[in-house]
Amino acid sequence: MRPMQRAGNLLAAARGIFHNLPSVKLVILILGVLLSATPVRAQMTLAEVTTVLAQAVSRAAVVSPASVVAVVDREGFVLGVWSVNGLAPAADVQANAIAKAGTAAFLSSAQNAFTPRTAAMIVQQNFPPGVVNKPPGPLVGVNFSQLAFSDINKYKLPAEAGLLTLGSSPAAPLTPIPTPLTGGLAGTAGGVPLYRAGALIGGVGVAGDGDNSPLNITPATVASAKVDEDVALAGQIGFEPPARIHGTKVFVDGIALAYVASTTSPGVVTPLGGIGAAVAGFAPTASPAGPLPYVATTMGGVTGEVRQAIVADPSAVPLPGGTARLTAAEVTAILTAGANRARTTRGGIRLPRGSAMQCFISVVNNPNLAGSPPIVLGTFCTSPDATRFSWDVSVQKARTAVFFSSDTRAFTARTVGFMAQGTYPPGLADTTPGIFLGLQERFSIITPGGAFTAVNTLNGASFSTSTAVNPNLPNGMTIFAGSMPLYRGGVLIGAVGVSGDGIDQDDLVAASAAAAMGGIFLPSEPVRADRSLHRGVRLPLVKFPRNPAL
53 MRPMQRAGNL
63 LAAARGIFHN
73 LPSVKLVILI
83 LGVLLSATPV
93 RAQMTLAEVT
103 TVLAQAVSRA
113 AVVSPASVVA
123 VVDREGFVLG
133 VWSVNGLAPA
143 ADVQANAIAK
153 AGTAAFLSSA
163 QNAFTPRTAA
173 MIVQQNFPPG
183 VVNKPPGPLV
193 GVNFSQLAFS
203 DINKYKLPAE
213 AGLLTLGSSP
223 AAPLTPIPTP
233 LTGGLAGTAG
243 GVPLYRAGAL
253 IGGVGVAGDG
263 DNSPLNITPA
273 TVASAKVDED
283 VALAGQIGFE
293 PPARIHGTKV
303 FVDGIALAYV
313 ASTTSPGVVT
323 PLGGIGAAVA
333 GFAPTASPAG
343 PLPYVATTMG
353 GVTGEVRQAI
363 VADPSAVPLP
373 GGTARLTAAE
383 VTAILTAGAN
393 RARTTRGGIR
403 LPRGSAMQCF
413 ISVVNNPNLA
423 GSPPIVLGTF
433 CTSPDATRFS
443 WDVSVQKART
453 AVFFSSDTRA
463 FTARTVGFMA
473 QGTYPPGLAD
483 TTPGIFLGLQ
493 ERFSIITPGG
503 AFTAVNTLNG
513 ASFSTSTAVN
523 PNLPNGMTIF
533 AGSMPLYRGG
543 VLIGAVGVSG
553 DGIDQDDLVA
563 ASAAAAMGGI
573 FLPSEPVRAD
583 RSLHRGVRLP
593 LVKFPRNPAL
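Position one of the sequence shown corresponds to residue 53 (the working numbering), numbered consecutively onward.
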């Protein structure tokens, strides 16, 4: 079967699951939006934060006294940053510690425990790392997410929890949190997740062993022990995840993922305050009290959370031919279709095997105006246990699809990523780079004081930084799969992005969401990426997992 025919059959299959669904009006009635607070979330107490910091600081005083230790809770609130030697830390060291803690918290769940080491393994130019002529890691480029300028989700102070509203943007500007120049996720080892009775509550991160470059994540580092990770493991004592959900128990393409490669030797724990001092502005504190402002909602048979209010496209800018913009009912139908598919799809990273995937599903509009950001028209999270990095990434994926698509070209995040690697086709040695290589770096690394040229040693991209955020990509772009552009009568009207599981699972949910209402939002065959060749190679549109149904 030719690739084009196979892709067509896959989209037809995604469309087919909706033939027996109720009408849009009935779907909306069935939603039954429950105006109740978000289910109780896993919050960290001050005592827990203090214990984690004291354990890590005591170990660091022995093996790495210049360390900085950070604790971040599951929602991204920075609960404490501690300098082991009591001195004000260098900006890059502090930022790296926070990112390592946040990475462990944001990539994990009650059904998978991941670390920055896991992240480093799945962002390489070949997967498994170092094996030539293999495709890139499944989440290549994910480190360029949770950016400090993101209008969706990023690290924040607990004292500012009251500024958060139901939606992507806070009610007022939040205090900037130090993060690496490349983004809020780290790939250098030195962070581990924190659990209470099997529930994910946060992460602890450590920086200070002299390796503070966020891009020093070569294949060799994935397998090497690190002092920072030793210290983080000491902080994790009493808050360990069940061994059955360690990253090493998760297999991608038959390859076990990394978890940690270091060990620790716990010693006498000095009460917090006896060694070092809190970093200014980050004294230890508890997670914000009370529920977050997200509405518990049932969509597609899944009870989850609305993280961005569902609205009609508010743009007054005309679309070609006077094409109608998305209505709230249509956005609801798209989200419902995606949730329904997620409910019946076997997760690729969740344990035990056979568990349903969980994800964030986001719909954005097509502003049809240069310099205008695609507006988020609704975000649904299928479970409070969905990985938190996926909120920001789901919107990144949708906006990436809009940015690179048009009325005559339907590109997905998978399409863009295929042309954004250090080799083309991706993974094949001794080939030239893809034409989009370096764009993600340029749109992610913002240096207001002046642009400079840099090289991403991971993929060889040479790029110039930007002095301002690209308004069309207000939380950056991504280059791994999980989106579909949306059309009406051949006119681009928006896109849907999905993140939370394996990229093939995310693609399946995105395609299913786009196939809502009988498939009226799907791109026509002539404009689909998989009808095009670039440098003699057919471009991909989407890819689905084998035997995905539970």
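Glycine included, every Cβ here is placed at the ideal spot set by N, Cα and C.
All of these numbers come straight from a predicted model, not from anything done at the bench.
| Sequence-distant residues of its chain with Cβ nearer than 6 angstroms to residue 409 (five each side left out) | Taking the sequence shown and counting its residues from 1, the one referred to as residue 409 is at position 357. So the qualifying residues of the chain are 394, 397, 399, 553, 557.
| For the putative contact between residue 194 and residue 149, defined by C-beta atoms under 8 angstroms, what is the C-beta separation to the nearest angstrom? | Sequence index remark: in the sequence shown, residue 194 carries index 142 (1-based). Sequence index remark: in the sequence shown, residue 149 carries index 97 (1-based). No, residue 194 and residue 149 are not in contact; Cβ-Cβ is about 19 angstroms, not under 8 angstroms.
| request: For residue 570, count neighbouring C-beta atoms within 10 Å of its own C-beta (all shown protein chains included) and say buried if the count is 16 or more, exposed if not. | output: Position 518 of the sequence shown, counting from 1, holds the residue named residue 570. With fewer than 16 other Cβ atoms within 10 Å, it is exposed.
| Exposed or buried, residue 577, counting other C-beta atoms within 10 Å across all chains shown (16 or more means buried)? | Start at 1 with the first residue of the sequence shown, and residue 577 comes out as number 525. Flag for residue 577 reads exposed.
| Is the number of C-beta pairs between the segment 169-189 and the segment 295-305 that are closer than 8 angstroms three or more? | yes
| query | Curious, which full-length alpha helix (DSSP H) runs of at least 4 residues does the segment 550-593 contain? | reply | 555-566, 568-571
| message | Just to check my reading of the structure: residue 448 and residue 549 have Cβ atoms closer than 8 angstroms, yes? What is that Cβ distance to the nearest angstrom? | response | Within the sequence shown, the letter at position 396 stands for residue 448. Within the sequence shown, the letter at position 497 stands for residue 549. Indeed they touch by this definition, with Cβ atoms about 7 angstroms apart.
| Whole-angstrom distance between residue 178 and residue 478, CA atom to CA atom | Here the question's residue 478 lines up with position 426 in the sequence shown. Here the question's residue 178 lines up with position 126 in the sequence shown. Distance between the alpha carbons of residue 478 and residue 178 is about 8 angstroms.
| Cβ-based burial, residue 359 [other Cβ within 10 Å; buried from 16] | Residue 359 sits at position 307 when you count from the first residue of the sequence shown. Result: buried.
| said: Residues in the same chain with beta-carbon distance under 7 angstroms from residue 538, minus the five sequence neighbours each way, listed in chain order, please. | reply: Within the sequence shown, residue 538 is the residue found at index 486, counting from 1. The residues are 545, 546, 547, 548, 566, 573.
| task | Scan the segment 140-212 and note each continuous beta strand (DSSP E) run of 3 residues or more that stays entirely inside, going in chain order. | result | none
| For the segment 120-134 against the segment 96-112, are there 3 or more C-beta pairs whose distance is under 8 angstroms? | yes
| How would you write the range of the beta strand (DSSP E) that residue 124 sits in, first residue to last? | The residue given as residue 124 occupies position 72 in the sequence shown. Residue 124 -> beta strand (DSSP E) spans 120-125.
| query | How do the segment 414-425 and the segment 497-517 stand: do at least 3 beta-carbon pairs fall below 8 angstroms, yes or no? | reply | no
| Regarding residue 580 and the ligand SAH, is the C-beta to nearest heavy atom distance less than 8 angstroms? | Ligands displayed in this structure: none; no statement on the ligand SAH is therefore possible.
| Alpha carbon of residue 474 to alpha carbon of residue 334, nearest angstrom | Counting from one through the sequence shown, the residue named residue 474 turns up at place 422. Counting from one through the sequence shown, the residue named residue 334 turns up at place 282. Going from the Cα of residue 474 to the Cα of residue 334 covers about 39 angstroms.
| task | Could you tell me which of 98, 192, 186, 154 sits nearest to residue 480, measuring between CA atoms? | result | Taking the sequence shown and counting its residues from 1, the one referred to as residue 480 is at position 428. Checked all of 98, 192, 186, 154; the closest Cα to residue 480 is 186.
| task | Might you give, ordered along the chain, the residues of its own chain that have their beta carbon closer than 8 angstroms to the beta carbon of residue 427, omitting 5 neighbours on each side? | result | If you number the sequence shown from 1, residue 427 lands on position 375. Cβ neighbours of residue 427 beyond the five flanking positions: 365, 366, 367, 416, 417, 419.
| query | Could you give the residue range of the beta strand (DSSP E) that holds residue 320? | reply | The sequence position of residue 320 within the sequence shown is 268, counting from 1. Note, residue 320: premise wrong, no beta strand (DSSP E); not H, not E.
| With 16 other CB atoms within 10 Å as the buried threshold, where does residue 599 fall? | Against the sequence shown, residue 599 aligns to sequence position 547. Counting Cβ neighbours within 10 Å, residue 599 comes out exposed, since fewer than 16 surround it.
| Cβ distance (whole Å) where residue 239 is taken to contact residue 168 below 8 angstroms | Residue numbering aside, residue 239 sits at position 187 when the sequence shown is read from its first letter. Residue numbering aside, residue 168 sits at position 116 when the sequence shown is read from its first letter. Going by Cβ atoms, the distance from residue 239 to residue 168 rounds to 6 angstroms, so yes, they are a contact pair.
| query | By DSSP, does residue 598 sit in helix, in strand, or in coil? | reply | Taking the sequence shown and counting its residues from 1, the one referred to as residue 598 is at position 546. Looking at residue 598 - three-state DSSP - the assignment turns out to be coil, as it is neither helix nor strand.
| Which term fits residue 487, buried or exposed, when burial requires 16 or more other beta carbons within 10 angstroms of its beta carbon? | Residue 487 sits at position 435 when you count from the first residue of the sequence shown. So residue 487 counts as exposed.
| request: Please classify residue 256: is it buried, with 16 or more other beta-carbons within 10 angstroms of its beta-carbon, or exposed? | output: If you number the sequence shown from 1, residue 256 lands on position 204. Residue 256 comes out buried.
| request: Could you check which residue in 404, 102, 282 has the C-alpha nearest to that of residue 162? | output: By 1-based counting over the sequence shown, the position of residue 162 is 110. Of 404, 102, 282, the residue nearest in Cα terms is 404.
| If we call anything under 9 angstroms between Cβ atoms a contact, is residue 203 one with residue 527? | Your numbering for residue 203 matches position 151 in the sequence shown. Your numbering for residue 527 matches position 475 in the sequence shown. Yes, the pair counts as a contact, with Cβ atoms nearer than the cut-off.
| query | For residue 439 versus residue 158, is the C-beta spacing smaller than 9 angstroms? | reply | Reading the sequence shown from its first residue, position 387 is the one you call residue 439. Reading the sequence shown from its first residue, position 106 is the one you call residue 158. Yes, Cβ-Cβ distance for residue 439 and residue 158 is below 9 angstroms.
| said: Quick check: the Cα distance between residue 494 and residue 215, rounded to an integer number of angstroms? | reply: Start at 1 with the first residue of the sequence shown, and residue 494 comes out as number 442. Start at 1 with the first residue of the sequence shown, and residue 215 comes out as number 163. Taking the straight line from one Cα to the other gives about 30 angstroms.
| field | Rounded separation between residue 504 and residue 513 - CA only | value | The residue labelled residue 504 in the question sits at position 452 within the sequence shown. The residue labelled residue 513 in the question sits at position 461 within the sequence shown. Rounded to the nearest angstrom, the two C-alpha atoms are 14 angstroms apart.
| request: Pull up the DSSP beta-bridge partners for residue 455, would you. | output: Taking the first residue of the sequence shown as position 1, residue 455 is located at position 403. DSSP, once it has assigned bridges, lists no residue as partnering residue 455.
| Under the three-state reduction of DSSP, which class applies to residue 516: helix, strand or coil? | Along the sequence shown, one-based indexing puts residue 516 at 464. Residue 516 falls in the strand class under three-state DSSP.
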